[in-house]
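Going down the list, the sequences are from chains A and B. Sequential numbering from 16 applies to the first sequence in the numbering used here. Sequential numbering from 81 applies to the second sequence in the numbering used here.
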Amino acid sequence: MTVNGWIQIALFCAVVLALVRPLGGYMARVFSGERTLLSPVLEPVERGLYRLAGIDRTHEQHWLAYATAMLVFHAAGFVLLYALLRLQAVLPLNPDGQGAVAPDLAFNTAASFITNTNWQSYGGETTLSYLSQMLGLTHQNFLSAATGIALAVALVRGFSRASVRTVGSFWVDLTRGTLYLLLPLCVVFTLFLVWQGIPQTLGGAVATTTLEGASQTIAVGPVASQVAIKMLGTNGGGFFNANAAHPLENPTALSNFAQMVSIFAIGAALTNLFGRSVGRERQGWAILAAMAVLFLAGIAITYGAESAGSPVLNALGLPGGNMEGKEVRFGIVASALFAVVTTAASCGAVNAMHDSFTALGGMIPLINMELGEIVVGGVGAGLYGMLVFVIVTIFVAGLMVGRTPEYLGKKIEAREVKMAMLAILCLPLMLLGGTALATVVAAGLAGPANAGPHGFSEILYAFTSAAANNGSAFGGLAANTTFYNTTLAAGMLVGRFFVIVPALAIAGALAAKKTVPASSGTFPTDGGLFVGLLVGVILIVGGLTFFPALALGPIVEHLAGGLGQTFAAGG
Amino acid sequence: MSRPSQTLFSAALVGPALVGAVRKLDPRLMVRNPVMFVVEVVALLTTILFVRDAATGAADLAFSGQIILWLWFTVLFANFAEAVAEGRGKAQAESLRRTRTETLAKRLTGRGDAYETVPGNGLKVGDVVLVEAGDIIPSDGEVILGIASVNEAAITGESAPVIRESGGDRSAVTGGTQVLSDAIRVRITAAAGSTFVDRMIALVEGASRQKTPNEIALNILLAGLTLIFVFAVASIPSFASYAGGAIPLIVLVALFVTLIPTTIGALLSAIGIAGMDRLVRFNVLAMSGRAVEAAGDVDTLLLDKTGTITLGNRQATAFRPVRGVTEQELADAAQLASLADETPEGRSIVVLAKEGYGIGARDMGHLDATFVPFTAQTRMSGVDLAGAQIRKGAVEAIVAAAGGGPVATRGSSAALAYARTASTEGVEEVRAIADEVARAGGTPLAVSRDGRLLGVVTLKDIVKGGIRERFAELRRMGIRTVMITGDNPVTAAAIAAEAGVDDFLAQATPEDKLALIRKEQAEGKLVAMCGDGTNDAPALAQADVGVAMNTGTVAAREAGNMVDLDSDPTKLIEIVGIGKQLLMTRGALTTFSIANDVAKYFAIIPAMFLGLYPQLQALNVMGLASPQSAILSAIIFNALIIVALIPLALRGVAYRAVGAGALLRQNLLIYGLGGILVPFAGIKAIDLAVTALHLA
């Protein structure tokens with residue numbers, strides 16, 4: 016670890032923090048339907064869209080109607096994307112003549128993109144046409160991100176409202192989120208990335224001759240625009256197979272820094288929207304503080320482990336950090352930071368091979384995802400995931416002040432606890448269940464490239480990434496098989512919708528409740544004590560479940576490495 | 081008076097509780113408690129497998145046998161906790177049941193005083209019975225005619241008899257209590273089997289106990305956690321097979337049972353029963369556990385001024401003479417005027433004069449005095465001595481009498497202009513003093529001698545000692561206090577300020593009370609109040625916690641969700657404390673139980689996987705002797721901690737009236753941090769013992 020490295024990390028945190036209030040304030044205005052700076056331009060468009068779709072923007076929905084609208088919308092999106100992938104060979108905008116995507120891969124990809132996971136079992140430039148990339152994937156990149164934000168806003172309304180039946184309109188939230196938030200940010204960010212040297216073209220691959228005289232085909236395409244939304248919307252699906260490690264997808268140190276910031280920007284600012292909506296920004300800062308504690312612990316471990324390098328190699332007289340699988344352009348700190356950010360935030364874009372990280376360095380991304388990606392988290396998903404944990408925390412410890420638990424004036428009762436537990440249950444079910452299945456059936460065992468605990472980590476990582484809707488790949492796992500494509504797709508769908516629907520149910524139940532005014536007898540939820548408690552509950556309730564799995568994967572690998580042992584293939 | 085307290089584990093309690101613990105193994109009863117039911121099912125299945133293994137002669141029977149034994153102990157300890165809690169209630173129920181001995185009732189036939197003798201349990205609601213001195217009142221009812229002194233020691237523990245009479249706010253009588261003097265006619269209001277005492281028995285025994293809303297929610301959380309650990313443990317065999325090994329089922333079972341929240345699962349119902357029991361010991365009967373929980377949540381307390389905040393009666397606190405009159409003179413005259421006055425106010429004037437000015441009470445007879453009693457017309461009283469007329473009374477009445485003018489009503493300045501005989505100055509001065517006294521929350525009483533105004537006696541409501549501190553305590557707990565009084569706003573404000581309540585409702589009518597409760601509830605607050613009269617019934621029913629006084633009317637008792645047998649309205653404050661204590665105990669043990677998992681993981685995971693990867697020995701941070709001793713120690717700790725925490729569950733976590741922040745910090749330190757650390761030490765200690773005894 017170097018001072019320079021920590022300065023980079025500190026700078027990253029500072030820039031993200033600086034964005035929290037302005038962006039949070041802007042989003043609060045967007046989702047409360049107020050006028051914003053962009054209203055003169057966008058309002059006619061917005062009104063036109065509502066008229067076209069026959070939507071009354073003043074009509075709000077009960078949580079069930081909200082959930083139904085969301086589900087129907089996603090079902091339609093799923094069918095559309097699946098059809099597009101299967102039919103891309105006969106559709107336009109296919110200069111490189113890509114063939115139809117196989118059924119299981121199309122299923123996996125469609126599930127992956129509507130759930131904001133963006134797990135990629137395919138290599139973008141060798142599998143997909145430009146139409147599939149732009150109309151299919153980019154489109155879902157926007158909508159899955161906007162959905163996540165809409166859902167978080169709906170849950171926030173549950174806390175900020177009192178004695179009402181509605182939680183907002185899914186259609187309005189989705190439209191305003193896309194139109195006022197994601198599109199303008201993406202336009203600006205795309206221009207920035209183009210300036211940094213990322214291609215943005217509809218022309219086909221470029222054939223060129225290298226310095227040695229060999230001929231090379233360089234894939235290009237509408238890269239910059241897709242990178243912008245992949246980061247801002249925490250999607251993570253790269254245009255190229257190498258994702259953000261590819262020089263045309265992430266050309267400079269500045270583009271790398273800006274991409275990391277853009278992953279956290281909206282997620283972090285949503286905590287401020289939450290604070291503003293419930294009338295005390297401090298409440299939002301407390302949530303962000305809990306996220307920050309987990310984030311800083313994670314980056315300290317990963318950066319430390321990567322800097323220390325492999326004990327096996329060190330013992331062989333090869334000192335220094337672990338550079339295997341890292342872009343030399345980025346080095347250890349930018350790679351470690353990127354890995355922690357992308358898994359904390361459900362993004363899944365990568366600029367290094369997580370598979371090649373040291374055991375402990377690679378364990379942090381795993382843990383980030385296993386906690387449910389609540390450390391900033393996916394846009395929206397991080398906030399509602401965190402609020403689910405807040406409900407559990409308040410319920411467990413809130414009784415200790417001698418009142419039935421309440422958060423922000425809302426009593427936490429049987430219904431909220433039931434829904435919160437449902438939401439928390441589905442992650443271990445899909446993650447551990449999927450891994451357990453893959454480690455006993457032949458089709459699953461055929462996947463990992465490594466033997467021993469590391470191979471186990473590869474399988475565990477894939478199911479973790481899918482169930483948590485992250486989408487980053489550890490690498491090393493041959494995942495484009497019928498077995499992995501279908502099981503991982505199932506993990507993604509359950510991991511997304513079995514959290515969203517209970518979260519909406521909580522929103523509905525809370526909105527209908529009265530708000531109890533706070534007094535000195537009320538459980539304080541904006542101080543350090545609460546932050547510590549929340550972190551503790553997240554680690555014990557959310558994290559310890561995965562301790563056996565981690566013990567058999569990265570932990571044993573780390574311990575063995577310390578003893579100078581390695582695991583031979585077949586061993 | 082509270083009942084004699086029992087020790088937590090007396091021999092008389094433990095014996096039946098042990099039997100009860102075994103009897104509660106019945107799955108139909110266990111299923112009410114999902115966590116412990118799961119443990120029982122697991123214990124049963126492993127026992128069946130053990131028998132099979134024993135028959136086929138499998139290895140390691142001693143180890144798995146011990147684990148299974150501790151699984152059963154875990155279930156039995158949980159049942160024991162519940163049985164002990166119930167047992168404590170049962171002991172009280174026994175003493176109550178003795179009051180329910182078969183009585184004969186004198187049922188009036190409706191023709192004059194004629195009655196027929198029928199068995200007490202044959203009475204129907206609406207029957208009218210005659211109860212005479214020495215009779216036991218056959219069932220709950222309302223006095224419709226007569227007045228009697230009644231011994232209610234059977235239910236209140238208080239031996240001094242109480243008065244029960246028709247018409248007023250003291251008309252309710254309870255079956256099983258005894259009439260000591262006189263005779264009353266009682267209309268029966270409860271059928272056999274549903275009387276107050278019957279309900280009380282059912283409550284303290286826990287027979288009619290239903291899960292409270294918070295308990296239901298907590299059970300959902302515990303069931304959810306159990307399910308998560310099902311996933312965590314069920315996926316391990318696959319992981320192990322990937323690593324090229326297998327984990328014995330009994331080890332998986334041990335891990336599962338130690339991880340699921342058995343501690344709180346085992347003690348949850350005991351905590352609830354003990355909470356009700358604490359109220360009963362406090363001579364308060366809660367009609368449901370829900371009410372006890374609500375008590376902990378109360379945001380606003382409505383307290384009647386009289387009897388709760390102030391002593392029942394106004395008392396003289398000062399003599400304020402006009403210029404030219406000494407305090408001594410005024411005190412002397414006031415005392416003379418009050419010698420024959422038997423009202424509490426009058427007596428307090430005599431006492432003040434004696435204690436403050438050394439004027440001994442004189443005998444009326446010796447003075448040759450004639451007492452002039454108070455009437456509503458004159459609004460004054462006094463004495464006629466030889467050659468002197470001394471009067472005390474309402475200021476305007478005395479002024480008018482002194483001036484010879486008509487009795488002026490307050491504020492009628494035209495009438496006041498007639499008050500001339502006495503010096504205008506004196507009148508003005510007396511009025512000024514009187515106004516001052518009224519503004520300070522007192523009641524002024526003017527005194528005159530032979531038409532000469534001497535000054536004013538200040539009568540004040542005496543705020544109970546220490547009540548101000550109690551209200552400050554409540555404020556720290558986040559509870560707002562509202563004083564309810566029939567006084568005028570000026571007086572009410574002064575007393576409110578003196579007592580330190582947060583707000584007051586002056587000139588309150590029952591409708592005002594009801595409106596105030598509704599207003600508070602509309603803001604999302606929970607309201608507690610106590611009352612006794614029939615006109616309190618709507619407010620008692622509307623309040624979230626309505627404590628009816630046992631001396632109150634049947635209507636009040638039916639409307640409230642608690643009854644205070646001692647009829648002490650101040651108890652509302654303690655009831656809130658007990659409610660909070662119940663919730664805190666539940667929260668503390670839940671936190672403790674969940675925090676325990678950290679150490680259990682560190683005990684079992686390395687032990688479990690050591691055969692697969694010897695490197696995991698590094699996770700054995702406690703340095704446990706062997707994998708088997710580690711697993712056995714964890715499961716033993718898991719069972720013993722239940723027993724160790726039974727006293728805490730029954731007694732409750734100590735509650736101090738401090739802010740929520742301080743309370744949270746303190747409890748988090750003890751039960752959160754303690755919950756993480758204690759099992760590390762405990763498991764290590766048990767491991768040492770297990771190794772020393774060669775159990776594993």
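Beta carbons: idealized from backbone N, C-alpha and C, even for Gly.
>> Can you look up Ser159/A in the DSSP assignment and give me helix, strand or coil?
In response: Of the three classes helix, strand and coil, the one that applies to Ser159/A here is helix, per DSSP.
> In terms of alpha-carbon separation, which member of Ala433/B, Arg394/B, Leu419/B and Asn393/B lies closest to Glu409/B?
Replying inline: Ala433/B
>> Can you check which of these residues, Ile553/A, Gln113/A, Asn485/A and Tyr137/A, is closest to Asp119/A by C-alpha distance?
In response: Here the closest residue by C-alpha is Tyr137/A.
>> I'd like to know whether the C-beta of Gly739/B is nearer than 8 Å to at least one C-beta of chain A.
In response: yes
>> If I follow the unbroken alpha helix (DSSP H) through Met110/B, where does it start and stop?
In response: Pro107 to Met110 is the span of the alpha helix (DSSP H), which, as asked, contains Met110/B.
> Which same chain residues, not among the five before or five after Phe255/A, have their C-beta less than 6 Å away from its C-beta?
Replying inline: Gly139, Glu140, His261 and Glu264
>> Give me the DSSP bridge partner(s) of Leu149/B.
In response: Answer is none; Leu149/B lacks a bridge partner.
> With contact counted as at least three CB pairs below 8 Å, one residue from each stretch, are the region 108 to 122 of chain A and the region 84 to 91 of chain A in contact?
Replying inline: no
> So with Cβ pairs under 8 Å, would you call Tyr693/B a contact of chain A?
Replying inline: yes
> Using a Cβ cut-off of 8 Å, which residues of the region 554 to 565 of chain B contact any Cβ in chain A, in chain order?
Replying inline: Arg555, Arg556, Met557, Gly558, Ile559 and Arg560
>> Between Arg72/A and chain B, is any beta-carbon pair separated by less than 8 Å?
In response: no
>> Applying the 10 Å Cβ sphere with the 16-neighbour rule, what's the burial state of His74/A?
In response: exposed
>> Whether or not the region 119 to 126 of chain B and the region 148 to 161 of chain B are in contact is what I'm after, with contact meaning three or more pairs of Cβ atoms, one per stretch, closer than 8 Å; do they touch?
In response: These segments touch.
>> For a contact defined as C-beta to C-beta under 7 Å, what are the partners of Ile148/B on chain A?
In response: Those within 7 Å of Ile148/B in chain A number zero; the least Cβ separation is about 22 Å.
>> Measuring only the C-alpha atoms, how far is Gly585/A from Ala323/B?
In response: At Gly585/A the pLDDT is 39, less than 50, meaning the model places this residue with poor confidence; the figure from the coordinates comes in the next sentence. Cα-Cα distance, rounded: 11 Å.
> At a CB-CB cut-off below 7 Å, which residues of chain B make contact with Thr540/A?
Replying inline: Per Cβ cutoff of 7 Å: no residues; Thr540/A is ~10 Å from chain B at best.
> At a Cβ cut of 8 Å, what residues of the region 445 to 465 of chain A count as close to chain B, listed as they run along the chain?
Replying inline: Leu447, Gly448, Thr450, Ala451, Leu452, Thr454, Val455 and Leu460
> On the three-state DSSP scale, how would you describe Gln587/B?
Replying inline: coil
> Between Gly256/B and chain A, is there a C-beta pair that is closer than 8 Å?
Replying inline: no
>> How far does the beta strand (DSSP E) with Arg265/B in it extend, from its first residue to its last?
In response: Ile264 to Ile268
> DSSP state of Tyr51/B, grouped into three classes?
Replying inline: The requested residue 51/B is not part of the displayed model; chain B covers only 81 to 776.
> When DSSP labels each residue in this structure, what does Ile224/B get in the three-state scheme?
Replying inline: strand
> Using a Cβ-Cβ cut-off of 6 Å (strictly less than) and excluding sequence neighbours within five positions of Trp21/A, which residues of its own chain qualify?
Replying inline: none
> Along chain B, in chain order, which residues have C-beta atoms closer than 9 Å to that of Glu428/A?
Replying inline: Pro293, Asn294, Ile296 and Ala297
> Whole beta strand (DSSP E) runs in the region 432 to 477 of chain B with 3 or more residues, listed along the chain?
Replying inline: 450 to 452, 460 to 465 and 468 to 473
>> Considering only the alpha carbon of each residue, which of Val536/B, Asp612/B, Ala263/B and Thr423/B lies closest to Val405/B?
In response: Val536/B
> CA-CA distance, Ala312/B and Leu712/B?
Replying inline: 20 Å
> In chain order, what residues of the same chain lie with their CB nearer than 6 Å to the CB of Ala97/B, ignoring the 5 residues before and after it?
Replying inline: Phe160, Ala163, Val164 and Gly167
>> Excluding the 5 residues flanking Ala464/A on each side, which residues of the same chain have their C-beta closer than 6 Å to its C-beta?
In response: Gly491
> Do you know whose CA, among Gln241/A, Phe582/A, Leu285/A and Gln298/A, lies nearest Gln274/A's CA?
Replying inline: Gln274/A has its Cα closest to that of Gln241/A, out of Gln241/A, Phe582/A, Leu285/A and Gln298/A.
> Quick one: which chain A residues come within Cβ less than 9 Å of Met609/B?
Replying inline: What Met609/B touches in chain A: nothing, since even the nearest Cβ is about 18 Å away.
> Once you ignore the five residues that flank Thr216/A on each side, which residues in its own chain have a CB closer than 6 Å to its CB?
Replying inline: Val235
> Could you give the distance in angstroms between the alpha-carbon of Ser277/A and the alpha-carbon of Leu34/A?
Replying inline: 10 Å
> Going by C-alpha distance, which of Leu100/A, Gly346/A, Ser178/A and Asn366/A is nearest Ala424/A?
Replying inline: Sequence check: residue 424/A is Gly here, not Ala. Selected option, being the one with the closest Cα: Ser178/A.
> Which of helix, strand or coil does DSSP assign to Tyr751/B?
Replying inline: Here Tyr751/B sits in helix by DSSP.
> Contact between the region 206 to 223 of chain B and the region 263 to 282 of chain B: three or more CB pairs below 8 Å?
Replying inline: Short answer: they touch.
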